[in-house]
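Here the structure comes first, spelled out in structure tokens, and everything after it is commentary.
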Amino acid sequence: MRQSQLFTRTKRENPSDEEAKNSQLLIRGGYIYKEMAGVYALLPLGLRTFNKIVSIIREEMNAIGGQEIILTALQRPELWSKTDRWDGAGNIWFTTKLNSGADLGLGFTHEEPLTALTKEYISSYKDLPFSTYQFQTKFRNEARAKSGIMRTREFVMKDLYSFSKNKNEHDEFYEKVKQAYINIFNRAGIGHQTYLTSASGGLFSKFSHEFQTVTEAGEDTIYIDDNKKIAVNKEVYTDEVLDSLGLSRQSLIEKKAVEVGNIFTLGTRFSDALGLKYKNELGEDISVFMGSYGIGPARLMGTVVEVLSDDKGIVWPASIAPFAVHLIALGEDMVEAEKVYTELGNAGVEVLFDDRPGVMAGEKFADADLLGMPLRIVVSKRSLENGGAEIKKRNESESSIISLNEVIAHVQKSL
Numbered sequence: 001m002r003q004s005q006l007f008t009r010t011k012r013e014n015p016s017d018e019e020a021k022n023s024q025l026l027i028r029g030g031y032i033y034k035e036m037a038g039v040y041a042l043l044p045l046g047l048r049t050f051n052k053i054v055s056i057i058r059e060e061m062n063a064i065g066g067q068e069i070i071l072t073a074l075q076r077p078e079l080w081s082k083t084d085r086w087d088g089a090g091n092i093w094f095t096t097k098l099n100s101g102a103d104l105g106l107g108f109t110h111e112e113p114l115t116a117l118t119k120e121y122i123s124s125y126k127d128l129p130f131s132t133y134q135f136q137t138k139f140r141n142e143a144r145a146k147s148g149i150m151r152t153r154e155f156v157m158k159d160l161y162s163f164s165k166n167k168n169e170h171d172e173f174y175e176k177v178k179q180a181y182i183n184i185f186n187r188a189g190i191g192h193q194t195y196l197t198s199a200s201g202g203l204f205s206k207f208s209h210e211f212q213t214v215t216e217a218g219e220d221t222i223y224i225d226d227n228k229k230i231a232v233n234k235e236v237y238t239d240e241v242l243d244s245l246g247l248s249r250q251s252l253i254e255k256k257a258v259e260v261g262n263i264f265t266l267g268t269r270f271s272d273a274l275g276l277k278y279k280n281e282l283g284e285d286i287s288v289f290m291g292s293y294g295i296g297p298a299r300l301m302g303t304v305v306e307v308l309s310d311d312k313g314i315v316w317p318a319s320i321a322p323f324a325v326h327l328i329a330l331g332e333d334m335v336e337a338e339k340v341y342t343e344l345g346n347a348g349v350e351v352l353f354d355d356r357p358g359v360m361a362g363e364k365f366a367d368a369d370l371l372g373m374p375l376r377i378v379v380s381k382r383s384l385e386n387g388g389a390e391i392k393k394r395n396e397s398e399s400s401i402i403s404l405n406e407v408i409a410h411v412q413k414s415l
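Shown next as structure tokens:
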């Protein structure tokens, strides 16, 4: 991608109506656009990172047997009334009406519709277990949409749902999801600061597990045992819970954190209410045992920015960066820079090429720091006189000169 053709532009100043570092940097870098409080559009650079996060999540969900679907956003109230969540979910709903006057809701989660749909396909114990997941836009009437893209009113959620014959079968899958989530956060570059956390189940169940990433931007308080790599949310920070986890207050460290994923044991709450049953080997009708598992790709994207950025801008891990390399051409003669751009592209390396004419070196360097690609390569008269191209990792201060015929090998080794 030639930066001269990128329709977005960087901004020097933080937006005056944004408090969160993630949205400040992403707006300045042209990754996102703020439509209104809690509602953001993804622009070309932002969508590239978002899609890479989605790809990581999809790979891990497929690896544990998840089957991808897409359910509808429009929801009928009679289905949700059976679980007391049309009125019982409080003000979280965005609701509307058809021209006929019938009520509709914009889905904030999908346990009810998927449970009802699944009745069409489950009748026997031979049909279980299985799991389905989706990436779908959710709508939640958040009272406080103030954390940039980490807490929004419209967002894409990956929600996975499992259907098992019994609790033992469910527990086996639950452990697989735990490991899949750990893999996701490691691959996204924040695994070292993300903890499996015991928490309240909220609307869904009495207790649940969250994955919490330590950051001062977080709205949650957690208590961490670094040796065991687990934590407890403040909302369930009791002696009873600590004893059940084998934790002592003396070994725990208090930290601020943001929830980047959650996993719930739903049991038979939804299958009982909606009549999702199967016949066991004896011909008896048994309620299906369910679980629910969520990750917001955009929230994960914002968390990465909060955790890994520095005072110059964003620092993307190579796994989710929009481009692996930010190639900068300085001076009027761009022949050698064009050659490097072409060769990297032919080698399958994703490159953002700053070919903008008339832009000073300082501005190009500042933009590169703000945008945060893992590697910066500069081709200039000075670098050529010194033997080739100047290359530097975004999270390092020192650069080095490499010959032009070694650029591809050096890039592939560095990423």
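Using this note's numbering, the letters of the sequence shown correspond one by one to residues 1 to 415. Glycine included, C-beta positions come from ideal geometry on N, C-alpha and C. Since this is a predicted model, take the numbers as computed values, not measurements.
Inset, instruction - Determine contact between the segment 113 to 129 and the segment 4 to 13, defined as no fewer than three beta-carbon pairs at a distance below 8 Å. - result: no
Inset, instruction - My understanding is that I27 touches L300, with C-beta atoms under 8 Å, so please give their C-beta distance in whole angstroms. - result: If you number the sequence shown from 1, residue 27 lands on position 27. If you number the sequence shown from 1, residue 300 lands on position 300. So it is not a contact: roughly 18 Å between Cβ atoms.
Inset, instruction - Take the Cβ of T115 as the centre, count every other Cβ of all protein chains shown within 10 Å, and call the residue buried at 16 or more, exposed below. - result: Indexing the sequence shown from 1 puts residue 115 at position 115. Buried, by the Cβ-count rule.
Inset, instruction - Confirm, please, whether the CB-CB distance from S198 to V232 is below 7 Å. - result: On the sequence shown, position 232 is the one that residue 232 refers to. On the sequence shown, position 198 is the one that residue 198 refers to. Their beta carbons are under 7 Å apart, which means V232 touches S198 by this criterion.
Inset, instruction - Mind the definition here: the segment 371 to 388 touches the segment 328 to 345 only if three or more C-beta pairs lie below 8 Å; say whether that holds. - result: yes
Inset, instruction - Whole angstroms is fine: what's the gap from G65's alpha carbon to W80's? - result: For the purposes of this step, residue 65 is taken as the residue at position 65 of the sequence shown. For the purposes of this step, residue 80 is taken as the residue at position 80 of the sequence shown. Separation of G65 and W80 (C-alpha to C-alpha, rounded to the nearest whole angstrom) is 28 Å.
Legend entry - Residue from V378, E235, A361, S287 whose Cα sits closest to the Cα of V351: Numbered from its first residue, the sequence shown carries residue 351 at position 351. The candidate whose alpha carbon is nearest that of V351 is V378.
Legend entry - G267 to D367 span [Cα, whole Å]: One-based indexing of the sequence shown puts residue 267 at position 267. One-based indexing of the sequence shown puts residue 367 at position 367. Going by the C-alpha atoms only, they are around 50 Å apart.
Inset, instruction - Give me the Cβ distance between S208 and G201, rounded to the nearest whole Å; I'm assuming they're in contact under 8 Å. - result: Indexing the sequence shown from 1 puts residue 208 at position 208. Indexing the sequence shown from 1 puts residue 201 at position 201. Right, their Cβ atoms sit about 4 Å apart.
Inset, instruction - Spatial neighbours of P424 within its chain, please: CB distance less than 6 Å, with the 5 preceding and 5 following residues excluded, ordered by chain position. - result: Residue 424 lies beyond the stretch modelled for the chain, which goes from 1 to 415, so this question has no answer here.
Inset, instruction - Return the first residue and the last residue of the beta strand (DSSP E) that V54 is part of. - result: Numbered from 1 along the sequence shown, position 54 holds the residue referred to as residue 54. Looking at the DSSP string, V54 is not in any beta strand (DSSP E); the run it does join, the alpha helix (DSSP H), is 44 to 63.
Inset, instruction - Can you tell me which of the three DSSP states E390 falls into? - result: Against the sequence shown, residue 390 aligns to sequence position 390. Strand at E390.
Inset, instruction - Check L327 in the structure and name its three-state DSSP category. - result: By 1-based counting over the sequence shown, the position of residue 327 is 327. It is a strand residue.
Legend entry - Separation of I224 from G246, as counted between CA atoms: Here residue 246 refers to the residue found at position 246 of the sequence shown. Here residue 224 refers to the residue found at position 224 of the sequence shown. Their backbone Cα atoms lie some 13 Å apart in a straight line.
Legend entry - Residue span of the alpha helix (DSSP H) that contains N186, given as start and end: The sequence position of residue 186 within the sequence shown is 186, counting from 1. Note, N186: alpha helix (DSSP H), 167 to 187.
Inset, instruction - Measure the beta-carbon distance from Q179 to V307 and round it to whole angstroms, keeping in mind my assumption that it falls under 8 Å. - result: As a first step, residue 179 is located in the sequence shown; it is residue number 179 there, counting from the start. As a first step, residue 307 is located in the sequence shown; it is residue number 307 there, counting from the start. Not quite, the Cβ-Cβ distance comes to about 22 Å (not below 8 Å), so this is no contact.
Legend entry - Unbroken beta strand (DSSP E) run spanning G291, endpoints: Your numbering for residue 291 matches position 291 in the sequence shown. G291 -> beta strand (DSSP E) spans 289 to 295.
Inset, instruction - Tell me whether S81 sits in a helix, a strand or coil according to DSSP, three-state version. - result: Within the sequence shown, residue 81 is the residue found at index 81, counting from 1. Of the three classes helix, strand and coil, the one that applies to S81 here is helix, per DSSP.
Inset, instruction - Report whether the distance from the Cβ of A73 to the nearest heavy atom of the ligand NAP is below 6 Å. - result: Annotation note on the ligand NAP: not contained in the displayed structure, which lists no ligands.
Legend entry - Beta-carbon proximity check, T303 vs V258, cutoff 7 Å: The residue labelled residue 303 in the question sits at position 303 within the sequence shown. The residue labelled residue 258 in the question sits at position 258 within the sequence shown. Contact annotation: T303 and V258 have beta-carbon atoms nearer than 7 Å.
Legend entry - For E343 and I401, the rounded distance between their alpha carbons: Indexing the sequence shown from 1 puts residue 401 at position 401. Indexing the sequence shown from 1 puts residue 343 at position 343. Approximately 18 Å, taken between the alpha carbons.
Legend entry - Alpha-carbon to alpha-carbon, I57 and L327: The residue given as residue 327 occupies position 327 in the sequence shown. The residue given as residue 57 occupies position 57 in the sequence shown. Cα atoms of L327 and I57: separation of roughly 29 Å, rounded to the nearest angstrom.
Legend entry - Which listed residue (G358, L371, E235, T118) has its alpha carbon closest to that of R394: Locating residue 394 in the sequence shown gives position 394, where the first residue counts as 1. Closest by alpha carbon: L371.
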